[in-house]
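Student: The letter at position 180 of the sequence shown is residue 181 when you use the numbering used here, and the numbering goes up by one with no holes. The structure under discussion is supplied below as structure tokens; questions concerning it will follow.
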Amino acid sequence: MKKTQFTKSKSLDKKVFKLIFDKFFNALCAFAYKYLNEVATAEDLVQEAFVNFWEKGENFENESAIKAFLYTSVRNKCLNYLKHQTVKQKHEQNLIYELESDQFFTQHIIEEEVFNQLYQEIAQLPKAAQQIMMLALKGLKNKEIAEELSISENTVKTQKKIAYSKLKQKLSPPLNAILLTL
Numbered sequence: 002m003k004k005t006q007f008t009k010s011k012s013l014d015k016k017v018f019k020l021i022f023d024k025f026f027n028a029l030c031a032f033a034y035k036y037l038n039e040v041a042t043a044e045d046l047v048q049e050a051f052v053n054f055w056e057k058g059e060n061f062e063n064e065s066a067i068k069a070f071l072y073t074s075v076r077n078k079c080l081n082y083l084k085h086q087t088v089k090q091k092h093e094q095n096l097i098y099e100l101e102s103d104q105f106f107t108q109h110i111i112e113e114e115v116f117n118q119l120y121q122e123i124a125q126l127p128k129a130a131q132q133i134m135m136l137a138l139k140g141l142k143n144k145e146i147a148e149e150l151s152i153s154e155n156t157v158k159t160q161k162k163i164a165y166s167k168l169k170q171k172l173s174p175p176l177n178a179i180l181l182t183l
């Protein structure tokens, strides 16, 4: 790169930016790779540093100031990336631990069996009540169900009341508790 003076009065134009990019990109990628051991991630973070450099729009006194800014930016981006990866790994380890636990396994089997029984009983209801209960299980409110089925909200309430009555007779107490949430 030619000896370009980077004074505070001179703005960073595209030509100067390209010269700086071409001069430092590979060195910064090698620097980032030492932190990350991943070529693609290193290149991405170096590009982000250059984007920040461009967006910052500050003028630098000399090439050393630019170099210091870029190396510091790349280092900070690498450290932040590594910290994020550590947090992600901890979360994944906790999730795996939870998924492997017997309690999680048992709880989900029970939930699936309970919902299976509930769905079987809903299938025995009249067609209108079935549709309303299935939409209620998806989390829709009475007004939303009425809009979805093009019926009045009172019809939804009446059909739900009929369905609850029939289901309560057939379901065990734990399943009745689920009905209360619909």
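Even for Gly, the Cβ is constructed at its ideal location relative to N, Cα and C.
Take the Cβ of K78 as the centre, count every other Cβ of all protein chains shown within 10 Å, and call the residue buried at 16 or more, exposed below.
Tutor: Residue 78 sits at position 77 when you count from the first residue of the sequence shown. Label assigned to K78: buried.
Student: Buried or exposed, going by whether 16 or more other CB atoms sit within 10 Å of the CB of K3?
Tutor: Numbered from its first residue, the sequence shown carries residue 3 at position 2. Here K3 scores only 47 on pLDDT, less than 50, and its place in the model is too uncertain to base an answer on.
Student: Here's the rule: buried if 16 or more other CB atoms are within 10 angstroms of the residue's CB, otherwise exposed. What is Q108?
Tutor: Stepping through the sequence shown from its first residue, residue 108 is reached at position 107. Q108 should be labelled exposed.
Student: Comparing alpha-carbon positions, which option in L168, L100, L80, E44 lies nearest Q118?
Tutor: Position 117 of the sequence shown, counted from the first residue, corresponds to residue 118. Closest by alpha carbon: L168.
Student: Between P127, Q160, V52, which lies nearest to F22 when the distance is taken from Cα to Cα?
Tutor: As a position in the sequence shown, residue 22 is number 21, starting the count at 1. Ranking P127, Q160, V52 by Cα distance to F22 puts V52 first.
Student: Looking at C-alpha atoms only, which residue of F54, K35, C30 is the closest neighbour of V47?
Tutor: Looking up residue 47 in the sequence shown gives position 46. Closest option to V47, Cα to Cα, is C30.
Student: As an exercise, report each continuous alpha helix (DSSP H) stretch of at least 4 residues that is fully enclosed by the stretch 22-74, in chain order.
Tutor: Runs of the alpha helix (DSSP H) inside the stretch 22-74: 40-57.
Student: Please state if the CB of L37 and the CB of A43 are separated by a distance shorter than 8 Å.
Tutor: For this step, residue 43 is matched to residue 42 along the sequence shown. For this step, residue 37 is matched to residue 36 along the sequence shown. Result yes, Cβ atoms of A43 and L37 sit closer than 8 Å.
Student: Under a Cβ-count criterion, where at least 16 other Cβ atoms within 10 Å of its own Cβ denotes burial, should I185 be classed as buried or exposed?
Tutor: The question about residue 185 has no answer, for the chain in this structure spans 2 to 183.
Student: For S166, name the three-state secondary structure that DSSP assigns.
Tutor: Working through the sequence shown from its first residue, we reach residue 166 at position 165. DSSP places S166 in helix when its eight states are reduced to three.
Student: By how many angstroms is the C-alpha of V17 removed from the C-alpha of T8?
Tutor: Looking up residue 8 in the sequence shown gives position 7. Looking up residue 17 in the sequence shown gives position 16. Only weak support is given to the placement of T8: the predicted model assigns it a pLDDT of 41, under 50, and the value that follows is read from those uncertain coordinates. Using only the alpha carbons, I get a separation of about 13 Å.
Student: By a C-beta neighbour count over all protein chains shown, 10 Å radius and 16 as the cutoff for buried, is L80 buried or exposed?
Tutor: For the purposes of this step, residue 80 is taken as the residue at position 79 of the sequence shown. The residue is exposed, with fewer than 16 neighbouring Cβ atoms inside 10 Å.
Student: Taking only three categories from DSSP, how would you classify I152?
Tutor: By 1-based counting over the sequence shown, the position of residue 152 is 151. I152: coil per DSSP, three-state reduction.
Student: Rounded to the nearest angstrom, what separates E122 and L141 at their Cα positions?
Tutor: For this step, residue 122 is matched to residue 121 along the sequence shown. For this step, residue 141 is matched to residue 140 along the sequence shown. E122 and L141: Cα-Cα distance of roughly 20 Å.
Student: Helix, strand or coil for T8, going by three-state DSSP, please let me know.
Tutor: Taking the first residue of the sequence shown as position 1, residue 8 is located at position 7. Here T8 scores only 41 on pLDDT, less than 50, and its place in the model should not be relied on; the value that follows carries that caveat. Note: T8 maps to coil in three-state DSSP.
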